[in-house]
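Enquirer: Take the sequence shown: its letter number 437 is residue 437 in the UniProt record's numbering, and every next letter is one higher.
All residues carry an ideal CB built from backbone N, CA and C; glycine is no exception.
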Amino acid sequence: MGKKLLIVESPAKAKTIQKYLGKDFIVKASMGHVIDLPEKEFGVDIEKEFKPKFVTIKGKNKILKEIKDAAKKSDVVYLATDPDREGEAISWHIANALKRIKKDNIFRIRFHEITKSAIKKAVENPDKIDENKVYAQHARRILDRIVGYSISPLLSAKFKRALSAGRVQSVALRLICDREEEIRKFVPREYWTVEGTFLKGENEISAKLWAVDGKKLGKFDIPTEKEAKQLLKRVESSKFKVTRVEKKERRRKPLPPFITSTLQQEASKRFGFPAKMTMQIAQQLYEGVDLGNERVGLITYMRTDSTRVSDEAVKEVRNFIKDELGEEYLPSQKRSYEGKTPKSAQDAHEAIRPTSVYRTPESVRKYLTPEQYKLYDLIWRRFVASQMKDAVFNTVSVNIEGDGLTFRATGSTLKEEGFLKVYPIEVEEKLLPELEEGEELEKKEIKGVQHFTEPPPRYTEGTLVKALEEAGVGRPSTYATIISNIIQRGYVEKEKQKLKPTELGEFINSLLKKLFPKVVDVKFTASIEEELDKIEEGVKNWKELLKEFYFGEFKELLENAKRELKGLKGEEIGRNCPECGAPLLKVHGRYGAFISCSNYPECKYKEALKEDERTGEKCPECGGELLIKKGKYGRFIACSNYPNCRYTAPITYGKCPKCGEGEIVERKSKRGKVFYGCSRYPDCDYVSSKPPKGEKK
């Protein structure tokens, strides 16, 4: 019997599979795509029904030649690229490249885990290439090429710098910019709560005012200190007693096993892993790790939208729970999560799970990097927990009433840990003393507490992934690349793990919203994903989608954008040029933004752009955002709600090293030079040209 050739995408995967199949097989890695649209030209003939021009990718000629040479020596070729649209397209391109050499005996095989049994089963059950998946990939690739190669050169030529737009990338940027706009426009709203501490013997009971004269309080029903004081006055002469004690049992179900998006979200939340890093580590765990006496893929395929789990895997994990944890943790019936799969799921892959639950994280820890261990431990625990019993809590709710004022206290204790034994989730237990209806309680302290509403938080990588998935934009397998791109392009930066748009990012977003509203429209982009799914299902022609997109509106928008950009110089800032009186513009140039005269080139006046820095702190008087501003005597902290709020404070750099009492503050001399001195001046004459070491406050 002659040799058999099996083609995968990565060398790590090839190395693992070669050990399983032995000497009868040659296993080659394509290193991803070998054939694609050309890098430096459009490569799509729109007039000929969007005919793509596919070429061998630069630097991949050698790899393709090695594959062809190996095919000549083989009786059978198995195309074993990833079981998704991209993998299907890679197999299709390689099959076409090999057809002249080997017309027959080219098969497609698919597997969702790299284990000996899964690989052998796939080889024994060869299939054909799914052309609908290939056409869906073609449509997506050409759509992205149309958007990127049409808009990006327009922006780059106008602003003399490398700028880019992308079909899904630009929507992600829009979400981040829209959130920033919400934060800027946010006006804090004041509200109060009345909180009490009651005594039963030596036991303290914390409770909040829940209802007044039988009417339940809403969040803003105590809007100011005045209303809070009126309620506190009623409390002064009141006696309180327990009017209701309700005990319940509350159950908490385990979460489904991970899919791509939820894995990215949880790794971001727990470990601060960027989405790209999570996917790279998951890829390593999937492709294979040396465990001393064997090399094996530790997890199933990590690009999946499905929460489905095979019957064999469920049987194995239920046996593990029974044998290793105890029958008290095993539900009578297996748990099914098919209903938890997102509507956008495009395939029937399994959820992300360990290939064998008996490979516990601790048993393989010495073979893994710290990051690999963290992610494998997370995946393993989530999967095992998904088939365990509910966690059960005993909860108690108590009403404490006096003079028409009803306070409510709640308590919760863990009765049965269930799945929490394996997959701990932060749970706050609060134990209340035994209370009976009718018994009187002594009031220790009752006070009003001021609050301000908070603006919506900036996205983290995890919460942005969640927002994109919920909106149906893009696919979970692409999110890591999208987020990485907008950061690398300088459109977004990370600030304490939060995604914040840069000035350039906000400018590009506002431009795209104006010139290409549909390209950055969340619902429209989500509808494109649904159309791609229809192509994959075989109910829509891929060329029809391209025609609808391009000729429906995009072509006209492109022509309008060319005309508008021609006359666009910048954004008016509300000031006039001091030299010629023409309006001043904020201009985005090759090296960043600056202020320029609208009469350029006749008037060459320009100035640097100065903007307030954000401190990330809240105003103690109104809850507004605090900014670092520049004034006559140097920088200082001021409230963003000025002139409605006039709170100001100096920038301080810790205690004065000379007197130990005053604070070091930033000042400016009559000549404009910045220096640092003691706030107790003239009592303390400490002066320095540099701030003391330590963080500014």
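#1: Closest by CA to residue 176, which one among 192, 620, 467, 540?
#2: Assuming residue 203 is part of the beta strand (DSSP E), what are its boundary residues?
#3: Return the bridge partner residues of residue 493 from the DSSP annotation.
#4: Any idea which residues DSSP pairs residue 144 with across the strands?
#5: How many whole angstroms separate the CB atoms of residue 382 and residue 423, which I take to be in contact at a CB cut-off of 8 Å?
#6: When the Cα of residue 667 is compared with those of 358, 234, 636, 407, which residue comes out closest?
#7: On the three-state DSSP scale, how would you describe residue 344?
#8: Indicate the three-state DSSP secondary structure (helix, strand or coil) for residue 695 in the structure shown.
#9: Counting only runs of 3+ residues fully inside the stretch 536–624, write out the beta strand (DSSP E) ranges in chain order.
#10: In the structure shown, what three-state DSSP assignment does residue 485 receive?
#11: Can we count residue 23 as close to the ligand FMN, meaning its CB is less than 6 Å from some heavy atom?
#12: Check residue 11 in the structure and name its three-state DSSP category.
#13: Taking the alpha-carbon positions, what's the residue 135 to residue 125 distance?
#14: Consult DSSP for residue 419 and reduce its assignment to one of helix, strand or coil.
#15: Tell me whether residue 535 is buried or exposed, calling it buried when 16 or more other Cβ atoms sit within 10 Å of its Cβ.
#16: Per DSSP, which one or two residues make a beta bridge with residue 457?
#17: Do the CB positions of residue 408 and residue 399 come within less than 7 Å of each other?
#18: So what's residue 109 in DSSP terms, helix, strand or just coil?
#19: Can you check the stretch 299–333 for any alpha helix (DSSP H) of at least 4 residues that lies completely inside it and give the ranges in chain order?
#20: Starting from residue 653, trace the beta strand (DSSP E) both ways and give me its first and last residue.
#21: For residue 679, I'd like the list of residues in its chain whose CB is within less than 6 Å of its CB, leaving aside the five on either flank, ordered along the chain.
#22: For a test of the three-state rule: what should DSSP assign to residue 521, helix, strand or coil?
#23: Hey, is the stretch 442–453 in contact with the stretch 282–297, meaning 3+ C-beta pairs nearer than 8 Å?
#24: Does DSSP classify residue 117 as helix, strand or coil?
#25: Going along the chain, which residues of its own chain have a beta-carbon closer than 7 Å to the beta-carbon of residue 345, five neighbours each way excluded?
#26: Answer yes or no: do residue 38 and residue 55 have a C-beta to C-beta separation smaller than 7 Å?
#27: Between the beta-carbon of residue 90 and the beta-carbon of residue 33, is there less than 7 Å?
#28: Taking DSSP as the reference, what is the three-state secondary structure of residue 349?
#29: Would you check if the distance between the CB atom of residue 561 and the CB atom of residue 512 is smaller than 7 Å?
#30: Comparing alpha-carbon positions, which option in 143, 23, 9, 80 lies nearest residue 51?
#31: I'd like the ranges of any beta strand (DSSP E) spanning at least 3 consecutive residues and lying wholly in the UniProt domain "Toprim" (3–114).
#32: Give, in chain order, every unbroken run of the alpha helix (DSSP H) that is at least 4 residues long and sits entirely within the stretch 163–188.
#33: Going straight from the alpha carbon of residue 573 to that of residue 182, what length do you get?
#34: At which residues does the beta strand (DSSP E) containing residue 195 begin and terminate?
#35: Measure the C-alpha to C-alpha separation of residue 65 and residue 129 and round it to an integer number of angstroms.
#36: Are the beta-carbon atoms belonging to residue 359 and residue 19 less than 7 Å from one another?
Expert: The structure says:
#1: Counting from 1 along the sequence shown, the entry for residue 176 is found at position 176. Ranking 192, 620, 467, 540 by Cα distance to residue 176 puts 467 first.
#2: Position 203 of the sequence shown, counted from the first residue, corresponds to residue 203. For residue 203, the enclosing beta strand (DSSP E) starts and ends at 203–212.
#3: On the sequence shown, residue 493 is found 493 positions in, with the first residue counted as 1. Paired residue(s): 500.
#4: Counted from its first residue, the sequence shown places residue 144 at position 144. Partner(s): none; residue 144 has no beta bridge.
#5: As a working note, residue 382 is residue 382 in the sequence shown. As a working note, residue 423 is residue 423 in the sequence shown. At roughly 6 Å, the Cβ-Cβ gap stays under 8 Å, so residue 382 and residue 423 are in contact.
#6: Within the sequence shown, numbered from 1, the residue matching residue 667 stands at position 667. That would be 636, whose Cα lies nearest to the Cα of residue 667.
#7: As a first step, residue 344 must be located in the sequence shown, where it is residue number 344. Residue confidence for residue 344 is low, a pLDDT of 43 falling below 50, so the modelled location carries little weight; the figure read from the coordinates is stated next. Correct three-state label for residue 344: coil.
#8: For the purposes of this step, residue 695 is taken as the residue at position 695 of the sequence shown. Low confidence applies to residue 695: its pLDDT is 43, below 50, so where it sits in the model is not reliable, and the reading given next is rough at best. If DSSP states are grouped into helix, strand and coil, residue 695 belongs with coil.
#9: Counting only runs that start and end inside the stretch 536–624, the beta strand (DSSP E) elements of at least 3 residues fall at 571–576, 583–589, 592–597, 606–608, 613–618.
#10: Stepping through the sequence shown from its first residue, residue 485 is reached at position 485. In the three-state reduction of the DSSP assignment, residue 485 falls in the helix class.
#11: By its list of ligands, the structure shown contains no ligand whatsoever, and the ligand FMN lies outside what it can speak to.
#12: Taking the sequence shown and counting its residues from 1, one reaches residue 11 at position 11. Here residue 11 carries a helix assignment [DSSP, helix/strand/coil].
#13: Counting from one through the sequence shown, the residue named residue 135 turns up at place 135. Counting from one through the sequence shown, the residue named residue 125 turns up at place 125. Spanning the two alpha carbons is a distance of roughly 24 Å.
#14: On the sequence shown, position 419 is the one that residue 419 refers to. The answer is helix: DSSP assigns residue 419 an H, G or I state.
#15: Along the sequence shown, read from residue 1 onward, the residue named residue 535 stands at position 535. Only buried fits residue 535, as 16 or more other CB atoms lie within 10 angstroms of its CB.
#16: Residue 457 sits at position 457 when you count from the first residue of the sequence shown. In the DSSP output, where bridge partners are listed per residue, residue 457 has none listed.
#17: Start at 1 with the first residue of the sequence shown, and residue 408 comes out as number 408. Start at 1 with the first residue of the sequence shown, and residue 399 comes out as number 399. With contacts defined by Cβ atoms closer than 7 Å, residue 408 and residue 399 form a contacting pair.
#18: As a working note, residue 109 is residue 109 in the sequence shown. In the structure shown, residue 109 sits in coil (DSSP, three-state: anything other than H, G, I, E or B).
#19: If we require 4 residues or more, the alpha helix (DSSP H) runs fully inside the stretch 299–333 come out as 311–320.
#20: Within the sequence shown, the letter at position 653 stands for residue 653. Note, residue 653: beta strand (DSSP E), 652–655.
#21: Along the sequence shown, one-based indexing puts residue 679 at 679. The answer, listed in chain order, is 662, 663, 665.
#22: For the purposes of this step, residue 521 is taken as the residue at position 521 of the sequence shown. Looking at residue 521 - three-state DSSP - the assignment turns out to be coil, as it is neither helix nor strand.
#23: Touching, no, given that fewer than three Cβ pairs across the two stretches are closer than 8 Å.
#24: As a first step, residue 117 is located in the sequence shown; it is residue number 117 there, counting from the start. It is helical.
#25: Taking the first residue of the sequence shown as 1, we reach residue 345 at position 345. With a pLDDT of 44 at residue 345, under the threshold of 50, the predicted position of this residue should be treated as unreliable, though the coordinate-derived value follows. Excluding five sequence positions before and after residue 345, the CB atoms of its chain that fall closer than 7 Å to its own CB belong to 305, 306, given in chain order.
#26: On the sequence shown, position 38 is the one that residue 38 refers to. On the sequence shown, position 55 is the one that residue 55 refers to. Less than 7 Å divides the Cβ of residue 38 from the Cβ of residue 55.
#27: Here residue 90 corresponds to residue number 90 of the sequence shown, with the count starting at 1. Here residue 33 corresponds to residue number 33 of the sequence shown, with the count starting at 1. Cβ distance < 7 Å, so residue 90 and residue 33 count as in contact.
#28: For the purposes of this step, residue 349 is taken as the residue at position 349 of the sequence shown. For residue 349, the three-state secondary structure derived from DSSP is coil.
#29: Taking the sequence shown and counting its residues from 1, the one referred to as residue 561 is at position 561. Taking the sequence shown and counting its residues from 1, the one referred to as residue 512 is at position 512. In this structure, residue 512 does not lie closer than 7 Å to residue 561 by Cβ.
#30: Your numbering for residue 51 matches position 51 in the sequence shown. The shortest C-alpha separation from residue 51 is found at 143.
#31: Whole beta strand (DSSP E) segments, 3+ residues: 3–8, 25–29, 74–79, 106–108.
#32: With a minimum length of 4 residues, the continuous alpha helix (DSSP H) runs that stay inside the stretch 163–188 are 169–185.
#33: The residue labelled residue 573 in the question sits at position 573 within the sequence shown. The residue labelled residue 182 in the question sits at position 182 within the sequence shown. One C-alpha to the other measures close to 21 Å.
#34: Residue numbering aside, residue 195 sits at position 195 when the sequence shown is read from its first letter. 190–200 is the extent of the beta strand (DSSP E) around residue 195.
#35: In the sequence shown, residue 65 corresponds to position 65, counting from 1. In the sequence shown, residue 129 corresponds to position 129, counting from 1. When only Cα atoms are considered, residue 65 and residue 129 end up about 22 Å apart.
#36: Mapped onto the sequence shown, residue 359 falls at position 359. Mapped onto the sequence shown, residue 19 falls at position 19. Going by C-beta atoms, residue 359 is not nearer than 7 Å to residue 19.
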